[in-house]
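This report refers to the structure that appears directly beneath it.
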Amino acid sequence: MTATVFDSRSCVLGEGPLWHPQRQQLFWFDIMSCKLLSRLGSRPLEWQFDRHVSAAGWIDETHLLIASETGLSRFGLETGREEMLCEIEADRPETRSNDGRADPWGGFWMGTMGKAGEPGLGRLYRWARGELRVLDSGLTTPNAICFDQARACAYYSDTRSRIIWRQPVDPDTGWPAGDKTVFIDLRATDSTPEHKPDGAVVDAEGCLWNAQWGAARVARYSPEGAFLSAVELPTGHTSCPAFGGADLTTLYVTTATQKLPPDPAGWQQTAGRTFAVTTPARGRPEPRIQPDPSVKPRVPS
């Protein structure tokens with residue numbers, strides 16, 4: 005599996021790739037530049053925001069749900085119009101949104117973190133049918149939010165902990181049911197290096213693909229948490245994967261230039277670019293966001 009450059013624009017902190025199944029189009033973010041990015045064929049596209057934006061889900065063919073440092077909003081791709089659906093930490097200027105993903109029940113999970121990566125400022129949220137709950141707190145960098153095929157659990161991590169957790173959920177509602185357990189422990193041992201878990205996605209076989217910050221790879225793990233294989237990338241700060249393409253066998257991977265070490269020197273050449281890898285695995289279509297129709301959207305001030 006060889007990675008090729010899908011988009012040559014260099015993101016400070018590329019994140020949140022989303023393959024829109026209706027539009028057959030990839031969207032992703034440069035968090036630190038406050039931009040939503042995409043492309044149509046050879047034509048690059050971008051939308052500028054006035055605050056950090058980091059993750060998205062799709063509502064319909066022309067609207068995305070956008071996770072930002074002030075909450076979740078409905079964004080019109082053709083009009084540029086934005087409507088706030090749910091404020092999240094709008095009163096906490098020291099934090100921003102980070103990883104996020106739609107769940108199989110039509111809800112959305114999102115993590116927040118300190119803008120300078122301060123320990124313990126992060127929280128994990130779920131918004132579903134107009135209801136917002138804090139699912140976990142005291143986190144530093146929430147990441148790896150994704151969901152298993154059987155609707156039995158969610159996965160997430162705190163990058164600083166080097167652990168990916170398995171959170172049981174109610175199969176009918178998607179709300180957590182029971183305590184989280186360790187799914188993958190990426191702390192260093194005598195035989196393995198220490199890897200930092202960043203964004204993740206689950207494929208059609210139930211295997212979890214995890215981008216590992218500073219390791220220049222996306223690693224694949226079985227539903228039982230066993231390491232299976234890894235896709236090597238030409239730059240170190242791999243941040244998040246997403247399956248896309250007509251048959252969902254293309255793995256898109258965002259990367260970053262932020263805090264990239266000078267060595268290996270080759271990492272600098274393609275840092276921040278977005279990559280595509282053809283894989284033998286197949287992904288699953290991202291589920292559609294189902295906003296609560298009783299909630300009247302508000303145009304952000």
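Numbering-wise, the sequence shown is residues 5 to 305 according to this note's numbering. The C-beta atom is built at its ideal place from N, Cα and C for all residues, glycine as well. Quantities reported herein were computed from a predicted structural model and do not represent experimental measurements.
**Q.** Cβ distance (whole Å) where VAL9 is taken to contact THR274 below 8 Å
**A.** 7 Å
Exercise for review: Measure the alpha-carbon distance for PHE279 versus PRO227 and round it to whole angstroms.
Suggested key: 25 Å
Practice problem: Have a look at GLY248 and ALA158 and give me their C-alpha separation to the nearest angstrom. | Solution: 21 Å
Bridge partners for CYS306 per DSSP, in chain order? Any question about residue 306 goes unanswered here, given that the chain covers just 5 to 305.
Can you look up ILE92 in the DSSP assignment and give me helix, strand or coil?
coil
Taking contact to mean 3 or more Cβ pairs, one atom from each stretch, closer than 8 Å, check whether the segment 53-69 and the segment 19-31 are in contact.
yes
Discussion item. Residues in the same chain with beta-carbon distance under 8 Å from LEU44, minus the five sequence neighbours each way, listed in chain order, please.
Written reply: GLN29
Of the choices ALA71, GLY182, MET36, GLN153, whose alpha-carbon is the least far from that of ARG286? GLN153
- Taking DSSP as the reference, what is the three-state secondary structure of ARG127? strand
Exercise. Alpha carbon to alpha carbon, how far is ARG133 from THR177?
Worked result: 10 Å
Starting from the C-beta of TRP109, find all residues in its chain whose C-beta is less than 7 Å away, skip the five residues before and the five after it, and write them out in chain order.
ALA132, THR177, GLY178
Compare the beta carbon distance of VAL235 and MET5 with 8 Å and say whether it is the shorter of the two.
yes
Under 8 Å between C-beta atoms of GLU290 and PRO25: yes
Please classify ASP251: is it buried, with 16 or more other beta-carbons within 10 angstroms of its beta-carbon, or exposed? exposed
Can you check which of these residues, VAL281, LYS263, ALA181, is closest to ALA223 by C-alpha distance?
VAL281
Original post:
Below 8 Å between beta carbons: does that hold for PHE112 and LEU76?
Top reply: yes
THR259 beta carbon less than 8 Å from that of GLY276
yes
Item checked: Proximity winner among PRO238, GLY240, ASP207, relative to THR254 (alpha-carbon distances) -> ASP207
Exercise. Around the Cβ of SER305, are there at least 16 other Cβ atoms within 10 angstroms (buried) or fewer (exposed)?
Worked result: Note that SER305 scores 43 on pLDDT, short of 50, meaning its location in the model is unreliable and no value can be drawn from it.
Within the same chain, show all residues whose beta-carbon is closer than 8 Å to that of GLY126, passing over the 5 residues directly before and after it, in chain order.
-> THR99, ASN102, GLY115, THR116, MET117, GLY118, SER141, GLY142, LEU143, THR144, THR145, PRO146, ASP162
Where THR258 sits in the DSSP three-state scheme = strand
Q. Helix, strand or coil: how does DSSP classify MET114 here?
A. strand
Point to revise | Same chain, Cβ closer than 7 Å to PRO197, five either side skipped, listed in chain order | key: none
query = What's the gap between the Cα of ASP64 and the Cα of ARG166?
reply = 35 Å
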